[in-house]
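Please read the structure below before turning to the comments.
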Amino acid sequence: MFKYINVLILLVFITGCANKRLANKYYYNHDYYKAYDYLLPYAKRGFPKEAYKVAKLIYEGKVRKPPFIERKYAKVAYQNNILKSSIFIADSYYKEKNYKLALEWYNRSNFDDFKLSDFKNYIDCITKLDSFSKQKKYLDKLNRYANKSKNPKLLTMLGKFYINDSIFKNTQLGLYYLNEAYKQHFYKAGVILGIYYIKNGDGKKGYKILKDVLYKDKWAAYYVGNYLYSEMIKQEKIMNYNCITSQFNTPKEFFYKKLKIYKFNDIFSRENIVTAYRISYNLGLKKALYKIIRLDIEDNTFENAKKTYSNMNLKEVVSFLKAQQDVESKLILAKIYENYLYLNSYKKAKEIYKWYENVNKVEAIWHLYQYEKRFENKINFEYLSFLVQEKFVPAIIEKAYQEIIQNKDIEQNKKILEYYANQNNILALNYMGSLYSREIFLPKNKSFSYYKKACILEAKPFYIPSEDLKIANFYNDYLKNQNKYLTINYYYAQMNNRQSELNIAKFYKNNCEYSKLKKWLNKLYKQNDFNGKEYYYIMILKRFIDDKNKFKEAIDYLKNKNDIISNVTLGDIYANGFNVEINPKKAEKYYKKALNLGYKPALYKIILMYQKLNINGIYDKKIKSLYNYAIENNYTDAKYYYAKYLYSQGKKSEALKILKTAKMTPKVRYLLYLITGKIDYINGIESNYGYLLYAKAMYLRDKNPRKALYYAFRAMLCNTPNTAKLSYQIMEKINNSYVIRTIYKKAKEAPKCYIN
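According to the numbering used here, the sequence shown is numbered sequentially starting from 1.
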């Protein structure tokens, strides 16, 4: 009998051993669930080693089971003096978010048995405590161990913990740990150190560390790319010292200096920045390829270079981005749709921004505002008000500028723009320049200093059309230097900048060189440029370009466009009979559409049209009604224009009655002087209004011919009628060519006059 029992026990023992060997075999062959199945029966029967192994399989994530099972078998092992199983117990509580019990069991464990994830969980449990003294106590315990063990992985983790923003931030200690780990050639510590230095202004130190681990870590390569980009911008700003555009003498000098920066940018980008980003991308960071594509857009390599940075053409980039599913790829796509209008996809950009509202509402609304401003000619104050509430600085600046344009709270909004301009905000500097350029603020020549400062601050000085083209306009508009104006615009036109191409076209239109106008607009038309195409159609409809085959196409295009410019143009066509019969009803319809879109001057266009057609007084009542509407709704200069019209109709007393209630502007003063002949209205008044300057010249021509000629020349420079004849009469009185040239030079240096 005993013989059979012994055989049975032996068989059970042999079978058990065989099962354990099988479990180990499955474990080493990574068939963890079979290993678990073979070990579980022994764990259930209380075998401590098998219970430990079962808990370990769950702890390591080799087998997915609930935390309470991990804890159940870990406790069996712990109660049988396998003390390191306390880590599994702690882990199970941590998974259940019972941080208090997790911390209690972690503290029963030996740090020597911890994996890096355990240290991470341990720190997380500490941060969840309510008592700061306990938090400090446990962190001190961990710090002592880290200093003693010199474990580079732990030192790196702790270093990162202490340099991050939190109540436990201790930059000095964090950097010490990271440096200690890096000394042991643990490259991940070097990555964190290098990125920290770059982000916190010590780029050279960070770069020195990161370039040693460039080929090992995707983030190291990425931040090396970022650092090199910032260094390139610094160097380019030095090359653009004091703004090339504001101080060149000849076209050759301008092109040489600008193209020198462009060549430096191209070589440095390809050999350094793009190389770093490509290493990062090859190591698995898709974000790095997005950086390269953004550089392609920024430098417009799709049109300006034989080979793009990304080694993809525009069509390939679009296909690649469409295949991605992340937020950044969609935003880059939207930028491409907006920049390259010949893709005929700009409306898709708005769809992306609408979708983006669910991700980042503030940024999405700003994108939508800019989109509507550019493509729909719409200033959405609801968007701006929301963004201002969110303290979004670009929107604060934008709202202040747009309200000044609409004559609202001018002084308060000016203070806002000045505040941000003094902080070197480029948008604020540009807007201040614009307001002085438009003579909303005076003197006009002050615009130049704002544009120049923005130019100095701007990145990519070989390609900064926003400031450079405004400086070009200043040269042309204020200084009458057409050579510099064309030099700047031709430089950017060769860079395929659409605005420059349009500027050149408009320049030739203003100078009556219509063949050149057609040539440049044809180019924009073929590129399907939004503004260029529209202007091309306008020039056809207004008969500056002879292309009758496209007349219907132009009409249809503008009708479908339905924005301010298209409606005003259609109104002009029917009001003036450009290739169509004069039709005041149709003209008024289109002008009113522009008016409803916010273009107030459209009302004056309606009035002017009816004034021209007012034969035998057939439109007297309508004109009077429209002027009264303009006055009641506080239209700028409404009383002046109505009084001027009444005066032209011989109704002096009615004109004077209106002018006496009008704001005393230079225009009103001149009209009062014209009607009454009283010199008091213009005497001692400094103004840039052409007619007022002309009146002063008339008044002074006998009393002070030299001063009279100064005013006459200034009036002549903005084409005030009859000034050429007056100037000749005064010059004959002076009869000294040297004096006349001196006066003319002084008049040219004075602020430009206006007559409208």
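Cβ coordinates follow ideal geometry from the N, Cα and C atoms, glycine included.
Beta-carbon spacing of residue i, residue j below 7 Å
| i | j | result |
| --- | --- | --- |
| A276 | A189 | no |
| Y223 | L214 | no |
| V362 | F320 | no |
| I273 | K257 | no |
| N567 | Y537 | no |
| K454 | L435 | The sequence shown places Ala at residue 454, rather than the Lys named in the question. Going by C-beta atoms, A454 is not nearer than 7 Å to L435. |
| S246 | K452 | yes |
| Y177 | L155 | yes |
| A400 | L384 | no |
| S109 | I123 | no |
| I365 | L387 | yes |
| A505 | L486 | no |
| K218 | S280 | yes |
| Y353 | L368 | yes |
| P461 | I292 | no |
| Y710 | I679 | no |
Cβ neighbour criterion (16 or more within 10 Å) applied to residue i
| i | result |
| --- | --- |
| T720 | buried |
| F474 | buried |
| Y33 | exposed |
| N583 | exposed |
| I615 | exposed |
| E390 | exposed |
| V327 | exposed |
| S515 | exposed |
| P67 | buried |
| P601 | exposed |
| V359 | exposed |
DSSP-derived helix/strand/coil call for residue i
| i | result |
| --- | --- |
| Y463 | coil |
| K746 | helix |
| Y241 | coil |
| Y340 | coil |
| Y475 | helix |
| Y99 | helix |
| Y699 | helix |
| Y689 | strand |
| Y754 | strand |
| N304 | helix |
| S310 | coil |
| H367 | helix |
| P66 | coil |
| V668 | helix |
| F114 | coil |
| E376 | coil |
| P394 | helix |
| M495 | coil |
| I233 | helix |
| V362 | helix |
| S86 | helix |
Separation of residue j from residue i, as counted between CA atoms
| i | j | result |
| --- | --- | --- |
| N339 | I606 | 36 Å |
| I488 | F507 | 13 Å |
| R374 | K663 | 34 Å |
| K725 | N511 | 23 Å |
| K644 | R701 | 26 Å |
| A55 | I336 | 54 Å |
| M239 | D118 | 53 Å |
| S653 | K639 | 14 Å |
| N756 | P666 | 11 Å |
| Y478 | E513 | 22 Å |
| D113 | Y73 | 18 Å |
| K745 | M609 | 39 Å |
| Y26 | S329 | 44 Å |
| F248 | F254 | 6 Å |
| L39 | P48 | 11 Å |
| L692 | N628 | 26 Å |
| Y491 | S466 | 14 Å |
Distance cut-off 6 Å: residue i Cβ against heavy atoms of the ligand FAD
| i | result |
| --- | --- |
| Y641 | Absent from the structure shown: the ligand FAD. Ligands present: none. |
Interface flag, residue i vs chain D, CB-CB below 7 Å
| i | result |
| --- | --- |
| K260 | Looking for chain D here will not work: only one protein chain is present. |
Segments of 4+ residues assigned as alpha helix (DSSP H) that fall wholly inside the region 162-219
171-183, 187-199 and 203-210
Segments assigned alpha helix (DSSP H), at least 4 residues, entirely inside the region 242-290:
251-268 and 274-282
Could you pull out every unbroken alpha helix (DSSP H) segment of at least 4 residues lying fully inside the region 582-663, listed in chain order?
Inside the region 582-663, DSSP marks whole alpha helix (DSSP H) runs of 4 or more residues at positions 584-596, 601-612, 620-632, 638-648 and 652-659, from first to last along the chain.
What runs of the beta strand (DSSP E), each 3 residues or longer, lie entirely inside the region 529-572?
none
Residue ranges of each alpha helix (DSSP H) run of no fewer than 4 residues wholly in the region 15-61, ordered along the chain?
Counting whole runs of 4 or more residues, the region 15-61 contains the alpha helix (DSSP H) stretches 32-44 and 48-59.
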